[in-house]
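If you're matching them up, the sequences are chains A, B and C in order. Numbering of the first sequence is given in UniProt numbering, commencing with residue 1 and proceeding in unit increments. Numbering of the second sequence is given in UniProt numbering, commencing with residue 1 and proceeding in unit increments. Numbering of the third sequence is given in UniProt numbering, commencing with residue 1 and proceeding in unit increments. Glycine included, every Cβ here is placed at the ideal spot set by N, Cα and C.
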Amino acid sequence: MLPVDLPDAVRDALLAPLVDHHCHGVRRDDLSRAQFELLISESRTPAPPGTTHFDTPLGAAIRRWCAPVLDLEPHVAPAVYLGRRQELGAGEVNRRLLQASGVVAFLVDTGLEAPEQLSTAEMGRHGGAAADEIVRLEQIEQDIAETAPVAVDYMDSLGEELAARAARAVGLKSIIAYRCGLDFDPSRPSRGSVIAAANRRLSDPRERLVDPILLRHLLWTAVDVARDRALPIQFHTGYGDTDLDLSRADPAQMTGFIRALQPLGVPVVLLHCYPFHRQAAYLSAVFPHVYVDVGLALTHTAGGSARILDELLELVPFHKQLFSSDCYGVAEGCHLGAVYFRRGMAAALARRIDSGEWNAADAARVAHMAGSGNARRVYRL
Amino acid sequence: MLPVDLPDAVRDALLAPLVDHHCHGVRRDDLSRAQFELLISESRTPAPPGTTHFDTPLGAAIRRWCAPVLDLEPHVAPAVYLGRRQELGAGEVNRRLLQASGVVAFLVDTGLEAPEQLSTAEMGRHGGAAADEIVRLEQIEQDIAETAPVAVDYMDSLGEELAARAARAVGLKSIIAYRCGLDFDPSRPSRGSVIAAANRRLSDPRERLVDPILLRHLLWTAVDVARDRALPIQFHTGYGDTDLDLSRADPAQMTGFIRALQPLGVPVVLLHCYPFHRQAAYLSAVFPHVYVDVGLALTHTAGGSARILDELLELVPFHKQLFSSDCYGVAEGCHLGAVYFRRGMAAALARRIDSGEWNAADAARVAHMAGSGNARRVYRL
Amino acid sequence: MLPVDLPDAVRDALLAPLVDHHCHGVRRDDLSRAQFELLISESRTPAPPGTTHFDTPLGAAIRRWCAPVLDLEPHVAPAVYLGRRQELGAGEVNRRLLQASGVVAFLVDTGLEAPEQLSTAEMGRHGGAAADEIVRLEQIEQDIAETAPVAVDYMDSLGEELAARAARAVGLKSIIAYRCGLDFDPSRPSRGSVIAAANRRLSDPRERLVDPILLRHLLWTAVDVARDRALPIQFHTGYGDTDLDLSRADPAQMTGFIRALQPLGVPVVLLHCYPFHRQAAYLSAVFPHVYVDVGLALTHTAGGSARILDELLELVPFHKQLFSSDCYGVAEGCHLGAVYFRRGMAAALARRIDSGEWNAADAARVAHMAGSGNARRVYRL
Numbered sequence: 001m002l003p004v005d006l007p008d009a010v011r012d013a014l015l016a017p018l019v020d021h022h023c024h025g026v027r028r029d030d031l032s033r034a035q036f037e038l039l040i041s042e043s044r045t046p047a048p049p050g051t052t053h054f055d056t057p058l059g060a061a062i063r064r065w066c067a068p069v070l071d072l073e074p075h076v077a078p079a080v081y082l083g084r085r086q087e088l089g090a091g092e093v094n095r096r097l098l099q100a101s102g103v104v105a106f107l108v109d110t111g112l113e114a115p116e117q118l119s120t121a122e123m124g125r126h127g128g129a130a131a132d133e134i135v136r137l138e139q140i141e142q143d144i145a146e147t148a149p150v151a152v153d154y155m156d157s158l159g160e161e162l163a164a165r166a167a168r169a170v171g172l173k174s175i176i177a178y179r180c181g182l183d184f185d186p187s188r189p190s191r192g193s194v195i196a197a198a199n200r201r202l203s204d205p206r207e208r209l210v211d212p213i214l215l216r217h218l219l220w221t222a223v224d225v226a227r228d229r230a231l232p233i234q235f236h237t238g239y240g241d242t243d244l245d246l247s248r249a250d251p252a253q254m255t256g257f258i259r260a261l262q263p264l265g266v267p268v269v270l271l272h273c274y275p276f277h278r279q280a281a282y283l284s285a286v287f288p289h290v291y292v293d294v295g296l297a298l299t300h301t302a303g304g305s306a307r308i309l310d311e312l313l314e315l316v317p318f319h320k321q322l323f324s325s326d327c328y329g330v331a332e333g334c335h336l337g338a339v340y341f342r343r344g345m346a347a348a349l350a351r352r353i354d355s356g357e358w359n360a361a362d363a364a365r366v367a368h369m370a371g372s373g374n375a376r377r378v379y380r381l
Numbered sequence: 001m002l003p004v005d006l007p008d009a010v011r012d013a014l015l016a017p018l019v020d021h022h023c024h025g026v027r028r029d030d031l032s033r034a035q036f037e038l039l040i041s042e043s044r045t046p047a048p049p050g051t052t053h054f055d056t057p058l059g060a061a062i063r064r065w066c067a068p069v070l071d072l073e074p075h076v077a078p079a080v081y082l083g084r085r086q087e088l089g090a091g092e093v094n095r096r097l098l099q100a101s102g103v104v105a106f107l108v109d110t111g112l113e114a115p116e117q118l119s120t121a122e123m124g125r126h127g128g129a130a131a132d133e134i135v136r137l138e139q140i141e142q143d144i145a146e147t148a149p150v151a152v153d154y155m156d157s158l159g160e161e162l163a164a165r166a167a168r169a170v171g172l173k174s175i176i177a178y179r180c181g182l183d184f185d186p187s188r189p190s191r192g193s194v195i196a197a198a199n200r201r202l203s204d205p206r207e208r209l210v211d212p213i214l215l216r217h218l219l220w221t222a223v224d225v226a227r228d229r230a231l232p233i234q235f236h237t238g239y240g241d242t243d244l245d246l247s248r249a250d251p252a253q254m255t256g257f258i259r260a261l262q263p264l265g266v267p268v269v270l271l272h273c274y275p276f277h278r279q280a281a282y283l284s285a286v287f288p289h290v291y292v293d294v295g296l297a298l299t300h301t302a303g304g305s306a307r308i309l310d311e312l313l314e315l316v317p318f319h320k321q322l323f324s325s326d327c328y329g330v331a332e333g334c335h336l337g338a339v340y341f342r343r344g345m346a347a348a349l350a351r352r353i354d355s356g357e358w359n360a361a362d363a364a365r366v367a368h369m370a371g372s373g374n375a376r377r378v379y380r381l
Numbered sequence: 001m002l003p004v005d006l007p008d009a010v011r012d013a014l015l016a017p018l019v020d021h022h023c024h025g026v027r028r029d030d031l032s033r034a035q036f037e038l039l040i041s042e043s044r045t046p047a048p049p050g051t052t053h054f055d056t057p058l059g060a061a062i063r064r065w066c067a068p069v070l071d072l073e074p075h076v077a078p079a080v081y082l083g084r085r086q087e088l089g090a091g092e093v094n095r096r097l098l099q100a101s102g103v104v105a106f107l108v109d110t111g112l113e114a115p116e117q118l119s120t121a122e123m124g125r126h127g128g129a130a131a132d133e134i135v136r137l138e139q140i141e142q143d144i145a146e147t148a149p150v151a152v153d154y155m156d157s158l159g160e161e162l163a164a165r166a167a168r169a170v171g172l173k174s175i176i177a178y179r180c181g182l183d184f185d186p187s188r189p190s191r192g193s194v195i196a197a198a199n200r201r202l203s204d205p206r207e208r209l210v211d212p213i214l215l216r217h218l219l220w221t222a223v224d225v226a227r228d229r230a231l232p233i234q235f236h237t238g239y240g241d242t243d244l245d246l247s248r249a250d251p252a253q254m255t256g257f258i259r260a261l262q263p264l265g266v267p268v269v270l271l272h273c274y275p276f277h278r279q280a281a282y283l284s285a286v287f288p289h290v291y292v293d294v295g296l297a298l299t300h301t302a303g304g305s306a307r308i309l310d311e312l313l314e315l316v317p318f319h320k321q322l323f324s325s326d327c328y329g330v331a332e333g334c335h336l337g338a339v340y341f342r343r344g345m346a347a348a349l350a351r352r353i354d355s356g357e358w359n360a361a362d363a364a365r366v367a368h369m370a371g372s373g374n375a376r377r378v379y380r381l
């Protein structure tokens with residue numbers, strides 16, 4: 001699976017079990033081609049007439065790396081791949097792909113949970129791994145907004161529910177990048193402004209929350225909880241779907257907020273980041289509480305992903321890099337995340353060893369820290 | 001011409017005729033050194049005293065790749081190159097370089113047309129290729145502004161003239177990035193606000209249009225026309241000359257406008273994009289109607305261009321990538337655009353084949369689609 | 001020291017003495033491990049518990065490239081390295097590392113001067129090199145603010161002091177990126193607005209200047225001085241410490257100011273730039289008075305730095321690139337800046353020679369210009 005020769009210690013470190021610190025449940029049901037195509041593209045729409053989402057780096061990667069896990073030759077046609085997927089059934093496909101990833105612990109963002117998706121516990125069982133929960137802030141807020149009668153209850157319930165959910169979780173997650181962009185005012189909003197905004201919100205609670213005041217209130221409430229329980233907060237940054245405005249998803253735009261959190265000691269974990277992963281690595285290099293990984297970008301850039309990891313390694317301190325697959329809906333994402341993390345790291349480490357920059361012991365240590373060691377420390381697994 | 005060994009099918013696909021979906025007319029007259037230097041730099045000024053615009057990646061590329069087309073050794077001195085150019089005469093030089101590019105169809109932006117430049121038809125004749133027109137919106141607007149007596153005529157004439165010109169063209173082009181930046185308000189301006197702005201405009205119609213209201217009106221008028229005639233709209237983004245503010249030329253800044261166009265089905269073609277080509281590839285991956293190429297960036301980064309194409313390939317769906325040379329003034333730009341497109345794609349495809357990521361059939365198909373297939377489909381050639 | 005075989009002329013040009021056009025004084029005293037760690041990270045804080053700033057690309061580079069200069073094996077443990085440093089004493093360590101860098105002239109930003117740092121003259125003596133001063137604008141302003149009794153004196157004294165200091169210097173430097181970001185209003189502020197702002201400022205003169213009006217006034221005063229004396233103005237852009245907001249440090253954000261300076265002929269030198277070095281190279285390509293280097297980024301990205309230089313070379317004209325180490329506090333920065341500049345340029349030039357893009361004479365000339373020739377011309381050394 002590794003694209004280069006490496007000293008044994010480095011090879012072993014790269015092939016050791018990974019902690020996937022950010023993923024979602026995969027679908028338990030058999031999928032039509034149309035359903036499968038929708039789940040392998042962030043476009044959330046079918047490919048234009050006459051084209052297919054298989055004609056992407058990710059599509060090619062599924063044919064290359066997932067086909068053999070289903071006993072097929074590499075590069076089989078999409079129809080053959082999907083036929084075999086159907087033949088084996090979703091349960092077997094999920095077990096094979098999740099286990100092929102060599103992941104020892106899944107940290108599952110449950111914000112997108114649905115009956116047809118594996119639960120956190122099931123992800124662990126199917127993958128032969130441990131599984132813990134990451135609580136998505138905006139999902140909690142939606143639940144509260146739909147049930148709170150008045151603004152004061154909204155505020156109280158939000159704090160209580162977050163604390164209760166956090167008690168069973170290993171981290172929190174914010175998608176504020178999607179809702180108002182990362183260039184938000186970093187200060188904690190006043191109680192008066194939150195009450196006023198909550199009153200507006202409760203008049204139409206089924207709408208998706210986009211009010212910056214309430215989004216900031218949610219975040220600062222989460223900061224209190226995270227601080228109490230020593231939990232990290234994950235942030236979606238960079239690459240996402242069409243709901244996102246990429247020009248407002250650069251993690252450097254939240255420098256003020258990161259600065260405000262520094263004295264509180266709450267770890268900030270930057271997810272995905274692409275194409276702002278250099279900015280993210282910079283933040284992780286200068287702020288002691290910032291961590292970073294390129295998650296989703298590895299899977300979607302696939303055959304072109306090695307450069308992205310190499311660019312991340314330009315600045316990221318060895319103790320700040322994490323691994324995630326961000327798999328969602330299909331287990332292919334999990335396997336490919338692991339494949340491209342290992343291949344990309346292998347290429348990057350080999351280049352540094354071959355040029356004499358790092359010795360093998362350094363390289364092995366970096367591989368271990370990024371693959372699992374850092375996540376165990378940050379999430380206290 | 002290709003820098004690596006490739007399976008025959010891939011090699012053939014790369015060497016097949018290209019559709020250059022965005023270029024300008026080249027000069028028909030013989031050029032002095034000063035004139036030539038101005039045309040090979042986006043600075044629009046002479047190089048500082050004691051320096052030369054030949055001391056750039058593009059200058060070196062001319063000496064390397066264009067010299068042999070004029071029967072010279074690679075790497076000849078600039079004076080020798082220009083002497084030979086003079087000796088052959090502009091007509092012969094243009095014919096040789098345009099034909100050496102292996103372009104089968106030129107789509108010519110006629111917005112910068114001048115008597116000393118080849119017309120669209122002449123570009124085709126000299127290049128031994130088909131040639132079609134791309135209508136530059138801001139040029140039409142300028143013509144209308146200089147002749148319309150009052151605001152209502154301005155609005156009516158603009159729509160009529162755009163429709164008339166579009167009837168003979170294969171696409172439209174906007175340079176709104178130059179005029180007010182891509183972070184413009186994506187909504188269609190109200191009729192009242194347009195009338196008011198048009199009245200201001202008509203008081204000084206020879207000025208270059210920079211009013212965001214009229215620029216947006218122009219764009220939305222073009223959207224109506226494009227929709228009626230199923231034409232794509234090209235947008236200058238990224239790298240340009242000193243009139244541009246690069247920090248307002250990131251295509252991700254126009255996400256709101258792209259989103260607004262999605263239900264209308266009007267294709268959006270992002271030109272150049274550098275250094276925001278990863279953002280552009282992202283947009284093409286998540287929005288079904290967005291297409292992308294790195295045009296001008298290939299020619300100007302020359303010997304360093306392969307990485308840029310490779311970065312584009314990280315995310316761009318195979319059915320979304322196009323080729324253009326953006327040649328302007330000198331035919332060298334056309335030849336070099338084709339050279340670096342083919343060399344860069346060759347390197348990128350070879351790497352993916354060699355690492356087992358893609359098979360040769362995939363690679364050949366990608367080369368064909370990016371080189372001509374996608375352009376034929378999008379522009380309905 | 002070079003990672004690839006190169007024609008003799010290119011090799012000689014790369015190994016020739018460098019002009020380090022931007023650095024700071026290094027510490028004259030022996031440093032504890034804690035002190036040393038603080039000086040090798042832009043975080044300005046200790047590494048998180050259980051981690052070390054040696055676990056960074058820069059830390060690994062010190063063990064790799066500086067250890068042999070202190071007679072140690074490459075890759076020794078941090079404790080061994082620091083023990084040897086202590087054993088030799090700061091004076092000997094500084095002499096060895098500064099001289100190993102092969103720098104023939106240091107241009108020293110004296111804005112951070114402190115008694116425990118080598119002065120400009122001492123940097124020259126220890127390094128066996130010439131040494132000249134770069135005047136930091138914000139330091140001059142701080143001195144004036146703390147002594148001027150009223151606003152008019154403030155304005156007069158600022159102009160006089162800048163002129164006096166500039167008379168003994170080879171350049172000026174602005175850190176406006178740190179103070180209000182590079183997206184500042186490019187126009188010269190009115191005298192009235194400056195007087196009003198100066199009055200506010202003088203009521204609390206020990207505060208660090210952050211008022212955009214006074215920062216712009218400072219800059220335009222510097223422009224007058226620079227124009228009179230034909231001095232370049234350096235700008236911190238991109239990568240810096242936690243005081244910086246990276247999203248406001250993109251040099252393209254100061255396009256308006258650069259445009260305003262073009263007719264005045266004042267050279268603008270963009271420092272560091274990472275991760276906006278492509279934007280910086282673009283500015284240097286289109287504006288005749290803009291120069292660029294990646295300074296600090298080379299040292300901190302260390303084993304990953306070659307790509308950054310290669311990306312800069314995508315667009316930078318050969319007569320626009322400079323070299324700096326930005327060393328500060330520890331002489332390791334100077335040696336590593338030189339090492340990675342030479343290694344990165346070697347790799348980039350070798351690739352262009354091997355692919356036939358440039359000939360050896362071109363490559364040697366580029367190496368010479370970037371290493372020292374351009375700096376001699378721009379700073380009139």
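With a Cβ-Cβ cutoff of 9 angstroms, do residue i and residue j count as a contact?
i: residue 411 of chain A; j: S119 of chain A; result: No information on residue 411 of chain A is available, as it lies outside the stretch 1 to 381 that chain A covers here.
i: L107 of chain B; j: R84 of chain B; result: no
i: E357 of chain B; j: I62 of chain B; result: no
How would you list, in chain order, the residues of chain D whose beta-carbon sits under 9 angstroms from the beta-carbon of residue i?
i: Y379 of chain B; result: Judged by its chain identifiers, the structure shown contains no chain D, and its protein chains are A, B and C.
Can you name the residues of chain B whose CB is closer than 8 angstroms to the CB of residue i?
i: W65 of chain C; result: None at all; the shortest Cβ gap to chain B is about 26 angstroms.
i: S43 of chain A; result: A285, V286, F287, P288
i: A252 of chain C; result: D245, L246, S247
Going by C-alpha to C-alpha distance, which of the options sits closest to residue i?
i: R179 of chain C; options: C:V19, C:H126, C:H236, C:A166; result: C:H236
i: Q139 of chain B; options: B:A167, B:L172, B:V150, B:F276; result: B:L172
i: L261 of chain B; options: B:G111, B:G192, B:L219, B:D153; result: B:L219
i: S247 of chain A; options: B:R44, B:A100, B:Q279; result: B:Q279
i: Q37 of chain B; options: B:D55, B:R28, B:D20; result: Sequence check: residue 37 of chain B is Glu here, not Gln. Out of B:D55, B:R28, B:D20, B:D55 has the C-alpha closest to the C-alpha of E37 of chain B.
Just to make sure I have the definition right: I need the residues of chain A whose C-beta is within less than 7 angstroms of the C-beta of residue i. Which are they?
i: P115 of chain C; result: Going along chain A, no residue has its Cβ under 7 angstroms from P115 of chain C, so there is no contact; the nearest lies around 27 angstroms.
i: D143 of chain C; result: Under the 7 angstroms cutoff, chain A gives no residues; its nearest Cβ is about 28 angstroms from D143 of chain C.
Identify the contact partners of residue i in chain C, using a Cβ-Cβ distance below 8 angstroms as the criterion.
i: P317 of chain A; result: A47, T51, H53, D55, T56
Please list the residues of the stretch 65-92 of chain A that have a C-beta atom closer than 7 angstroms to any C-beta atom in chain C, keeping them in chain order.
-> none
Within 9 angstroms of chain A by C-beta, residues of the stretch 348-363 of chain C in sequence order = none
Against chain C: residues of the stretch 173-194 of chain A by CB proximity under 7 angstroms | none
In the stretch 256-319 of chain A, which residue ranges form an unbroken alpha helix (DSSP H) of at least 4 residues, counting only runs that do not cross its ends?
-> 277-286, 295-301, 306-312
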